[in-house]
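Here's the structure we're looking at; comments come further down.
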Amino acid sequence: MNLKVIMITAALWIVSLFAVSEWYYGIGWDEGRAALVTQQRQQARARLTKQVTRQQQDDTRGAAAEQKGATRTVTITQEVVKYVKTPGRNVCTFDEARVKLKQAAVDNANHIEGYDHE
1 MNLKVIMITA
11 ALWIVSLFAV
21 SEWYYGIGWD
31 EGRAALVTQQ
41 RQQARARLTK
51 QVTRQQQDDT
61 RGAAAEQKGA
71 TRTVTITQEV
81 VKYVKTPGRN
91 VCTFDEARVK
101 LKQAAVDNAN
111 HIEGYDHE
């Protein structure tokens with residue numbers, strides 16, 4: 001056989017081997033990317049499920065705390081209206097019950113049980 005034919009045949013084999021290797025590498029790359037995307041989607045779904053559960057718990061806790069605070073607000077508002085409708089209210093003297101009521105309102109507003117994880 002001719003040396004030139006052997007060299008051309010060897011070169012064709014090398015080129016074809018390289019082409020097949022690149023083709024398999026591309027298939028493997030695509031499969032790996034698809035597996036990674038699937039894994040990331042599963043992790044995102046799991047995180048979303050946890051976040052939704054946590055948000056529902058926080059909403060429930062916040063609604064309960066808000067409802068508890070709403071009943072206190074109604075009572076305090078009624079007491080304030082009573083003092084506003086009193087004749088001679090322009091005089092700035094507050095009795096002890098009024099001061100205690102105001103302090104209780106401030107304390108209740110600053111700390112509602114079950115809210116903000118306290």
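Quick note: the sequence shown, position 38, residue 38 per full-length UniProt numbering, numbers continuous. A virtual CB, placed ideally from N, CA and C, is assigned to each residue, including glycine. Keep in mind the model is a prediction, meaning the values are calculated, not measured.
{"Query": "What did DSSP end up calling N108 once you bin it into helix, strand or coil?", "Result": "helix"}
{"Query": "What number of angstroms, rounded off, separates the C-alpha of F18 from the C-alpha of Q39?", "Result": "31 angstroms"}
{"Query": "Does E118 come out as helix, strand or coil in the three-state DSSP assignment?", "Result": "Unreliable positioning characterises E118 in this predicted model, as indicated by a pLDDT of 48, which lies under 50. A coordinate reading is not provided."}
{"Query": "Have a look at L3 and D30 and give me their C-alpha separation to the nearest angstrom.", "Result": "41 angstroms"}
{"Query": "How many angstroms separate the CA atom of D59 from the CA atom of W23?", "Result": "53 angstroms"}
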